[in-house]
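Visitor: Position 63 of the sequence shown, counting from 1, maps to 715 under the working numbering, and the rest follow consecutively. Where a beta carbon is used, it is the ideal one built from N, C-alpha and C, also for glycine. The structure is given below, and queries will be raised subsequently.
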Amino acid sequence: MPKLSDIKIKAVIVGAIVDTAGTLLVMTLLAAALVSAGLSEDEVMNRMKSTNGLLLGFIVGMGCTVGGGYLAGRMAGRAEVLHGALVAVVGMILSIIFHESGDPLWFDIAGFAAIIPAGMAGGYLSLKLRVPSHD
């Protein structure tokens with residue numbers, strides 16, 4: 653059972669930055685690609701707010717949460733799943749603070765339901781892929 657003393661704050665912060673920045677970067681690049689393909693900014697926003705656009709954002713966001721959870725677990729080297737979950741908690745708090753009104757309820761429910769398991773999955777991956785020490 654992980655203890656409070658097992659938590660490495662730096663690992664959680666770095667994981668949360670990777671999660672948040674990664675999500676913003678990928679979504680910005682996707683929007684820029686649509687603009688460069690000739691769509692207006694309004695058309696891009698409409699596509700991003702469509703069901704398909706929201707699903708894409710959900711997949712990207714959860715993928716980045718897995719990545720952030722993995723990195724946090726890897727950096728911590730112990731209590732990996734807990735570190736992944738904490739990355740997701742930070743992401744959840746940021747989602748509440750910067751929540752955009754107008755998103756459908758299903759999107760918010762799906763995001764909040766999936767974010768903690770996604771972070772934990774990343775932490776679990778770092779645990780399973782850990783190279784054993786030869787001490």
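Given a cut-off of 9 Å on the beta-carbon distance, is the pair tyrosine 722 and glycine 763 in contact?
Guide: In the sequence shown, counting from the first residue as 1, residue 722 sits at position 70. In the sequence shown, counting from the first residue as 1, residue 763 sits at position 111. No, the pair does not count as a contact, with Cβ atoms beyond the cut-off.
Visitor: Report the option in Leu734, Val739 and Val678 whose CA atom is closest to the CA atom of lysine 655.
Guide: Counting from 1 along the sequence shown, the entry for residue 655 is found at position 3. The residue with the shortest Cα to Cα distance from lysine 655 is Leu734.
Visitor: Could you tell me the alpha carbon to alpha carbon distance between alanine 634 and glycine 709, rounded to whole angstroms?
Guide: In the structure as shown, the chain begins at 653 and stops at 787. Residue 634 is therefore absent and cannot be evaluated.
Visitor: Which two residues bound the contiguous alpha helix (DSSP H) that contains isoleucine 659?
Guide: For the purposes of this step, residue 659 is identified with residue 7 of the sequence shown, where counting begins at 1. Neither: isoleucine 659 is in no alpha helix (DSSP H) and is coded neither H nor E.
Visitor: Determine whether the beta carbon atoms of glycine 667 and valine 783 lie at a separation below 9 Å.
Guide: Along the sequence shown, one-based indexing puts residue 667 at 15. Along the sequence shown, one-based indexing puts residue 783 at 131. Contact flag unset, no.
Visitor: Could you tell me the distance, in whole angstroms, from the CA atom of aspartate 658 to the CA atom of isoleucine 745?
Guide: Taking the sequence shown and counting its residues from 1, one reaches residue 658 at position 6. Taking the sequence shown and counting its residues from 1, one reaches residue 745 at position 93. Distance between the alpha carbons of aspartate 658 and isoleucine 745: 22 Å.
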